[in-house]
Every structure is written in structure tokens, then in C-alpha cells.
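Novice: Chains as they are written, first to last, in the numbering used here: chain P, 1 to 340; chain H, 1001 to 1340.
Number of protein chains: 2
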Amino acid sequence: MAAEHSRPTLRDVAHRAGVSIATASRAMADNPAVATTTRARIQALAADLGYRPNAQARALQSSRSNTIGIVVPSLLNPYFATMVTAVQNAAKGAGLATIITNTDENPETMAASLTFLASHGVDGIICVPDEHCAEQLNHLHDQGIPLVLIDRELAGSPIPTVISDPQPGMDAAVSLLVEHHALPIGYLSGPMSTSTGRARLEAFQRACRNHDLEPQLVFRGGFEQEQGFEGATHLLDHGARTLFAGDTMMTIGVLEACHRAGLSIGEDISVIGFDSHPLFTLQPRPLTVIDQQVDSMARQAFTVLHGLLAGTEPIQPTRTDLVTPTILIQGDSLMKGSHP
Amino acid sequence: MAAEHSRPTLRDVAHRAGVSIATASRAMADNPAVATTTRARIQALAADLGYRPNAQARALQSSRSNTIGIVVPSLLNPYFATMVTAVQNAAKGAGLATIITNTDENPETMAASLTFLASHGVDGIICVPDEHCAEQLNHLHDQGIPLVLIDRELAGSPIPTVISDPQPGMDAAVSLLVEHHALPIGYLSGPMSTSTGRARLEAFQRACRNHDLEPQLVFRGGFEQEQGFEGATHLLDHGARTLFAGDTMMTIGVLEACHRAGLSIGEDISVIGFDSHPLFTLQPRPLTVIDQQVDSMARQAFTVLHGLLAGTEPIQPTRTDLVTPTILIQGDSLMKGSHP
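Here's what the structure looks like:
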């Protein structure tokens, strides 16, 4: 038996058996998702190595709760409320319950949520990650806790990730704005501390270059209605003829700014929104929006998590990203035949 | 020592000590929220009685997680998303984390959620109850798990409950509609299986009687956008000159029906909505709505729960209801000076 200071870990067992940590974990927990013969082989190998799971890990492994956790940065943002509901529906279809935590874009709240979920018996977690929690998330993944990231990505993380690609939607939107001569565009960017904020701004600027446009107006905000309102006011003051919002909450702020300024959308100003929402459709002229197909993203994230839980999907040593293309949904919110 | 068949319960200990079950529970868990001398007295008394807490109760009591649970029937309904966020903010101010479950109006999902929360270490629960889960909720309350109901009530339940009173808002709304000659009113009622659905319909009908009105048009629906759309279409077909929605989701459905029918709200049709939401403000004419002051209700519910957790608030043998009055927020969605 190995000495205490070099006590073998689950990683050693997995390595020696040539299986993923998740599979080794399930085999040690006698989980029937692992074939009987494989379980017996791994358990024998673990005994040879002198592997002893720690109490907490054993408690976690032995108590399948048939419950998953989902961690999102807001529930007032209908994009995340839709995501949560779609994950829950997919989980329900597989016989799993869902519990939810809202981090309110606060990394400390996220850290506490992850600790609670991991230590209070959920079988797996789907998380919109905060970059300040990268280390904790990677550590949970290393411990063999089934984990999938959604919406935002963590550079260099091995955790499977489901994101959307902003480029197709941005290209189609900028192309339409050029056709409508709705320049200059005022783009309301999300925060540079999120992968989505950075990727959408880059995609917008790439789309502008592809159309040989000069750099357009950019307001660097946050994913909040107030920031959308402030940004729209600022961009209108600087002569923007189109307001182009980088997320749902800023789109709501843009609507508020247009209503307050008495601007009729599609007549006095062109607007492009982000994500679909009843608020954007139930306007005198429905908004043209870039849509991320969040339902589809949520279902994909659950499918990956479910594979990890069932042991049919190994936790990859190299991460696989699942990328959904954004699409442009045309409404009636661009000025007709306007010229600069 | 008492024989096994008449094993003393925590209720017996509490009764003998002249304290609430919650206080007895905390004293047995050595919780410092109970004064040292009181703790010692209750523990001695429990030992005399031969009281032994069961393993599960002991595990729950000994592991304060500083986390509360909140159980709501939907997150796509912005009223509940706002409620959850307000509870979470209040809890955060008291150093407590929050986890959320969405029951999707399904009693089985609620039952599973409550079981998960109670057995996985939350310190207390705020719940929008489903009447099919009354027995389970009352049982959790009897076990001494700190529990507060919000939004809907359970007849005869001893659990403290925070609700709104629909009558003041309904009276003000009907009075305004009479002034505007906006009759007949088409009221979109919520489901009769919820206390809110029943209480709002009764309040609407009482307000009509108080104004000596004939019975008005009523559509019995559900708290969903589709039902609001269907109900609005039906009521318009039957000659309603006002559409009056009984919750947020049906208000969204009413907006959808008016937009699709090309009716200009405040010009072709009068609309009264329920609850406040950016969607209702950011219309060409902002909606007049009945508002439940959900933020205030959520804070009240947390204050009661916090009292139970701290042991400063006994779990009452007779329930105390906290009732917030509804208010009418005037927008611009009634037709001007129209006559029947």
C-alpha cells in the first residue's frame, strides 16, 4: 500500500485503467452506467493501487440525486430565464430535476453557488462561467464532477463548452444596414470582461471591415438596461442613425431611450436588437434582431451533460466546443430607403 | 424512558419547555441563536423525556449551510423572476445564499423540489405553493423546517404567508373604467386552482357590484401568454371594449392579440394590465396596470423567514398573514371620453 504522503488519487486509477476520471469515479461508485466487467476491472486495479476515495467524494458518488444544477448570471434577463427553462425541460425529459442559482454577475456569489451545488449532491452542473471562477471550475472538472459551460467560454479550460458564433448574424445585420444606408451605426457593446462581450464587438468590427466601412461608433457598456439607455442616449448625441444593441438587456435600454426621446423606431431611427423576446416583437414595428437560438444551445448543453452523467461521453482531455450560428430575424425596425 | 411506540417528538419537548418547535430544534442543534441557559434547559428536559432526534433531522440541524431555497412556478413570468431576485438580494444582505427551483406549475416537480431542498441542507424555504402539495408543506413545517409561503395561500395551513390584496387595485381600476365609459369589460381570469386566480376574480366581481354594474364578460384562463391571447380574441369577439388581464403573462397575450388585430391600445381598445414590466411601459401608450409591489412582498417574506432562522420569530401556532395592498398605476391605455 502506498504511503500516506503519496496516497494514490482517482486520477492515478483512471490513468492506469486507461479510462476517464469520470468513468473511474462511476466505477468506484458501482454506477451501472459502467459495464459490469469494466467496473470489476477498475475496482480490482484501485484495490491493487491502495486507492481509497475520501469521505466527501464517496458521499457524493453514492448519493445520486437525479438532480442537476444550473448557474446563470441573471434571471431578470429573459435570455437566461429562457435558457434555464429550456435546460430544465430537457432534464425533465431525461428524468432529472434541476436547481438554479443566480450569481447576479458576482464572482463571489458564483463561487459560493458552485461550492454549495458540488457539496450538496447535484449530479452535474451547467454554468455560464465568470472568468474569475476559472480555477474553481477547472478544479471541479478535475475532480470528475460532470460540468458543461454555456454562453461564455474560459480560455484554455478543458471543460466542454456550448456557445454561439456572433459572426453570421453580425454579417447579415451590417449588410442590411449598408443596403438601407443607415450609417453611422452606433454599436452598444457588452463588457470586455466577458467572452461574449469581446467576441460580439470583434464580430461587429470584422463585419464592418468586410463591408469596407470606416470604424463606426461604439459604446462600451454592460449587460444591463441602464447601460443600454445611457449608451443609446450617448450614441444619438454623436449622430448615430442606427442603434445596434449587443444583448437583450441593452436592447430594452435602447427601446426605453427611443420611447423617451419620442423617436419612432423604423421611421426616425433604425434599431437592431439582440436575442428574441415578446417585448421586441410587440412593438408598433417589430425589431430586427440577431438571435442566438438559446433553446437549441440549452438542449445541446444538457445533451453533453447527460452524456457525462451516463458515462457514455468521456470528459475529454481536449475540450470540444459546440458552436451554434447566430441568425438574423428580420422585423421592420430599419428606416426605409434613407440616405446619408 | 418512553417505549418505542410512544417515542417523544420534538413537539413534546417544545410543548414541555414552553417554546416553539423551531426554538426547540435549534436548542437541540446547539445553535447559538438560542441563549445558552435556554439551550441547556431544553436539552436537559429533552434528555429527561428520552427524546432522540432522528438521523436525518440531526444531519439537517447540524449543517447550517447559510443557504435558503425559493420555489416558484415559472421563471419566464417576469413577476416571479423579479420575486426571486428580490428575495435573493434581501438574503444576500443578511449573509445568506439562495438557490432556486422552478416547478413549471407542476405539483410533482414541486414535491421533488421540496424534498431535495429539505434533505440537501438549505436552512429555510420560501415557496409559492401548489395546493396539491399542501400536505407535504404542512408536514415540513411541523418538522420545524423554517418555511414561508408567498403569492398564493393554502387554506387552513399554519405556515406564515405573504400575499397581496387584489381589492384596492381592482376597485380603482373599475372606477376608472366606469369614468371612461369603457364598458363592457372583458376580464381575463387566472385558473380557479390557485388562490390568486380565485381572489382576483372575486375582487373584480365585487368591484363591479360596488359600482352597480351588471355582470361583465369573464374568460377563465391560465397564467400563460397563449391563454391571454385566446381570451382577448374571444372577449373582443363578444364585444368587450376593455381587456382587463388577471396576471403578467395574460397581459402579454392581450398585447399580442391587440397588435395582431391591428388595434391601437388607448384609441381602439382600452387595456388594463397586471403587474409592472418594461414591456408594459415601453408601448406607444404605457399600460395602466394593477401592481402588487412584488419587491416589497419578497422582502417581507424574507424578513419573516429570517426571523424564523434566527429564532427571534416563533413559528406561530396560528398563522399570521402579511398582506400588501395592490395599487393602480395609471398609464395611457384607456380610450378617452368614449361612450357606449
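Heads up, the beta-carbon is just placed ideally off N, CA and C, and yes, glycines get one too.
Taking a Cβ distance cut-off of 7 Å, strictly less, list which residues of the region 1244 to 1278 of chain H are near chain B, in chain order.
Specialist: Among the protein chains in the structure shown, which are P and H, there is no chain B.
Novice: Quick one: what's got a C-beta closer than 6 Å to arginine 1026 of chain H's C-beta in the same chain, skipping five residues either side?
Specialist: Taking the second sequence and counting its residues from 1, the one referred to as residue 1026 of chain H is at position 26. So the qualifying residues of the chain are Ala1033, Val1034, Gly1311.
Novice: Taking all protein chains shown into account, do 16 or more other C-beta atoms lie within 10 angstroms of the C-beta of valine 122 of chain P, making it buried, or fewer, making it exposed?
Specialist: Sequence index remark: in the first sequence, residue 122 of chain P carries index 122 (1-based). Buried, because 16 or more other Cβ atoms sit within 10 Å of the Cβ of valine 122 of chain P.
Novice: For threonine 326 of chain P, I'd like the list of residues in its chain whose CB is within less than 7 Å of its CB, leaving aside the five on either flank, ordered along the chain.
Specialist: Mapped onto the first sequence, residue 326 of chain P falls at position 326. Excluding sequence neighbours, threonine 326 of chain P sits near Ser164, Asp165, Pro166, Pro168, Gly169, Ile290, Asp291, Gln292.
Novice: What three-state label does DSSP hand isoleucine 42 of chain P in the structure shown?
Specialist: Counted from its first residue, the first sequence places residue 42 of chain P at position 42. In the structure shown, isoleucine 42 of chain P adopts helical secondary structure according to DSSP, grouped into three states.
Novice: Select from the region 150 to 163 of chain P all residues with a C-beta closer than 9 Å to any C-beta belonging to chain H, and list them in chain order.
Specialist: none
Novice: Should alanine 301 of chain P go down as buried or exposed, given a rule of 16 or more other Cβ atoms within 10 Å for buried?
Specialist: Within the first sequence, numbered from 1, the residue matching residue 301 of chain P stands at position 301. So alanine 301 of chain P counts as buried.
Novice: According to DSSP, is alanine 240 of chain P helix, strand or coil?
Specialist: On the first sequence, residue 240 of chain P is found 240 positions in, with the first residue counted as 1. Coil, per DSSP.
Novice: Can you give the beta carbon distance from asparagine 138 of chain P to serine 157 of chain P, rounded, assuming they're within the 8 Å contact cut?
Specialist: Numbered from 1 along the first sequence, position 138 holds the residue referred to as residue 138 of chain P. Numbered from 1 along the first sequence, position 157 holds the residue referred to as residue 157 of chain P. Between serine 157 of chain P and asparagine 138 of chain P the Cβ distance is about 6 Å, and since that is below 8 Å, they are a contact.
Novice: Does serine 1193 of chain H get closer than 9 Å to chain P when you measure Cβ to Cβ?
Specialist: The count along the second sequence starts at 1 and reaches residue 1193 of chain H at position 193. No, serine 1193 of chain H does not count as interfacial toward chain P.
Novice: Could you give the C-beta distance for alanine 1221 of chain H and threonine 1251 of chain H, rounded to a whole number, given that I count them as a contact under 8 Å?
Specialist: Here residue 1221 of chain H is taken as the residue at index 221 of the second sequence, counted from 1. Here residue 1251 of chain H is taken as the residue at index 251 of the second sequence, counted from 1. First, the residue type needs correcting, since residue 1221 of chain H is glycine and not alanine in the sequence shown. Actually they do not touch by this definition, with Cβ atoms about 12 Å apart.
Novice: Based on Cα-Cα distance, which residue from P:Ala232, P:Thr194, P:Phe223, P:Leu45 lies nearest to serine 270 of chain P?
Specialist: Residue 270 of chain P sits at position 270 when you count from the first residue of the first sequence. Nearest option by C-alpha distance: P:Ala232.
Novice: Can you tell me whether threonine 1194 of chain H is helix, strand or coil according to DSSP?
Specialist: Reading the second sequence from its first residue, position 194 is the one you call residue 1194 of chain H. Threonine 1194 of chain H: coil per DSSP, three-state reduction.
Novice: What do you get for aspartate 1321 of chain H, buried or exposed, if any count of 16 or more other CB atoms within 10 angstroms of its CB means buried?
Specialist: Counting from 1 along the second sequence, the entry for residue 1321 of chain H is found at position 321. With fewer than 16 Cβ atoms within 10 Å of its Cβ, aspartate 1321 of chain H is classed as exposed.
Novice: Distance cutoff 9 Å, beta carbons only. Does alanine 182 of chain P sit that close to anything in chain H?
Specialist: For the purposes of this step, residue 182 of chain P is identified with residue 182 of the first sequence, where counting begins at 1. Closer than 9 Å: no.
Novice: Mind checking which residues open and close the alpha helix (DSSP H) that includes phenylalanine 219 of chain P?
Specialist: Sequence index remark: in the first sequence, residue 219 of chain P carries index 219 (1-based). No alpha helix (DSSP H) holds phenylalanine 219 of chain P; the beta strand (DSSP E) holding it covers 217 to 220.
Novice: If I measure Cβ to Cβ from aspartate 1012 of chain H and keep anything under 8 Å in the same chain, skipping five residues before and after, which residues do I get?
Specialist: Translated into positions along the second sequence, residue 1012 of chain H becomes position 12. Excluding positions up to five away in sequence, the list reads Leu1049, Tyr1051.
Novice: Starting from valine 128 of chain P, follow its DSSP beta bridges and name the residues at the other end.
Specialist: Indexing the first sequence from 1 puts residue 128 of chain P at position 128. According to DSSP, valine 128 of chain P bridges with nothing at all.
Novice: Which residue's Cα is closest to the Cα of serine 276 of chain P: P:Thr36, P:Thr82, P:Thr38?
Specialist: Numbered from 1 along the first sequence, position 276 holds the residue referred to as residue 276 of chain P. Closest option to serine 276 of chain P, Cα to Cα, is P:Thr82.
Novice: Just to confirm the assignment, what range does the alpha helix (DSSP H) spanning isoleucine 252 of chain P have?
Specialist: What you label residue 252 of chain P is simply residue 252 of the first sequence in a count that begins at 1. Where isoleucine 252 of chain P is concerned, the enclosing alpha helix (DSSP H) stretches over 248 to 260.
Novice: Please report whether the beta-carbon of proline 1107 of chain H lies at a distance below 9 Å from any beta-carbon of chain P.
Specialist: Residue 1107 of chain H sits at position 107 when you count from the first residue of the second sequence. Taking Cβ atoms only, chain P never reaches closer than 9 Å to proline 1107 of chain H, which makes this a no.
Novice: Compute the Euclidean distance between the alpha carbons of threonine 161 of chain P and histidine 141 of chain P, then round it to the nearest angstrom.
Specialist: Position 161 of the first sequence, counted from the start, is the residue given in the question as residue 161 of chain P. Position 141 of the first sequence, counted from the start, is the residue given in the question as residue 141 of chain P. One C-alpha to the other measures close to 12 Å.
Novice: Tell me the rounded alpha-carbon separation between glutamate 226 of chain P and glycine 253 of chain P.
Specialist: Taking the first sequence and counting its residues from 1, the one referred to as residue 226 of chain P is at position 226. Taking the first sequence and counting its residues from 1, the one referred to as residue 253 of chain P is at position 253. Roughly 6 Å separates the two Cα atoms.
Novice: Along chain H, which residues have their Cβ under 9 Å away from the Cβ of glycine 121 of chain P?
Specialist: Taking the first sequence and counting its residues from 1, the one referred to as residue 121 of chain P is at position 121. Going along chain H in sequence order, the residues near glycine 121 of chain P (Cβ under 9 Å) are Phe1116, Ser1119, His1120, Gly1121.
Novice: Using a Cβ-Cβ cut-off of 7 Å (strictly less than) and excluding sequence neighbours within five positions of arginine 182 of chain P, which residues of its own chain qualify?
Specialist: As a position in the first sequence, residue 182 of chain P is number 182, starting the count at 1. The question names arginine, but residue 182 of chain P in the sequence shown is alanine. Correct list, in chain order: Arg241, Thr242, Ser270, Leu334, Met335, Ser338.
Novice: For aspartate 1048 of chain H, does the three-state DSSP call read helix, strand or coil?
Specialist: By 1-based counting over the second sequence, the position of residue 1048 of chain H is 48. Here aspartate 1048 of chain H sits in helix by DSSP.
Novice: Give every residue of the same chain whose Cβ lies closer than 7 Å to the Cβ of methionine 249 of chain P, excluding the five residues on either side of it in the sequence, and list them in chain order.
Specialist: As a working mapping, residue 249 of chain P is identified with position 249 in the first sequence. So the list reads Asn77, Phe223, Glu224, Gln225, Gly228, once near-sequence residues are dropped.
Novice: Does glutamine 1225 of chain H get closer than 9 Å to chain P when you measure Cβ to Cβ?
Specialist: Within the second sequence, residue 1225 of chain H is the residue found at index 225, counting from 1. Closer than 9 Å: yes.
Novice: Are there 16 or more other CB atoms within 10 angstroms of the CB of methionine 192 of chain P, so buried, or fewer, so exposed?
Specialist: On the first sequence, position 192 is the one that residue 192 of chain P refers to. It counts as exposed.
Novice: I want to see whether chain H comes within less than 9 Å of valine 84 of chain P, judged by CB atoms only; does it?
Specialist: Taking the first residue of the first sequence as 1, we reach residue 84 of chain P at position 84. At least one chain H Cβ lies under 9 Å of valine 84 of chain P.
Novice: Hey, could you find the ends of the alpha helix (DSSP H) phenylalanine 1080 of chain H is sitting in?
Specialist: Along the second sequence, one-based indexing puts residue 1080 of chain H at 80. Here the alpha helix (DSSP H) through phenylalanine 1080 of chain H covers 1078 to 1093.
Novice: Whose Cβ in chain H lies nearer than 8 Å to the Cβ of isoleucine 100 of chain P?
Specialist: For this step, residue 100 of chain P is matched to residue 100 along the first sequence. By Cβ distance, chain H contributes Leu1075, Ile1099, Ile1100, Thr1101, Asn1102.
Novice: Could you work out which residue in P:Leu117, P:Glu135, P:Leu177, P:Ile100 is closest to isoleucine 159 of chain P when comparing CA atoms only?
Specialist: By one-based count along the first sequence, residue 159 of chain P stands at place 159. It is P:Glu135.
Novice: Quick one: what does DSSP say aspartate 151 of chain P is sitting in, helix, strand or coil?
Specialist: Numbered from 1 along the first sequence, position 151 holds the residue referred to as residue 151 of chain P. Looking at aspartate 151 of chain P - three-state DSSP - the assignment turns out to be coil, as it is neither helix nor strand.
Novice: Is any beta-carbon of chain P found at less than 9 Å from that of asparagine 1031 of chain H?
Specialist: Along the second sequence, read from residue 1 onward, the residue named residue 1031 of chain H stands at position 31. Chain P contact via Cβ: absent.
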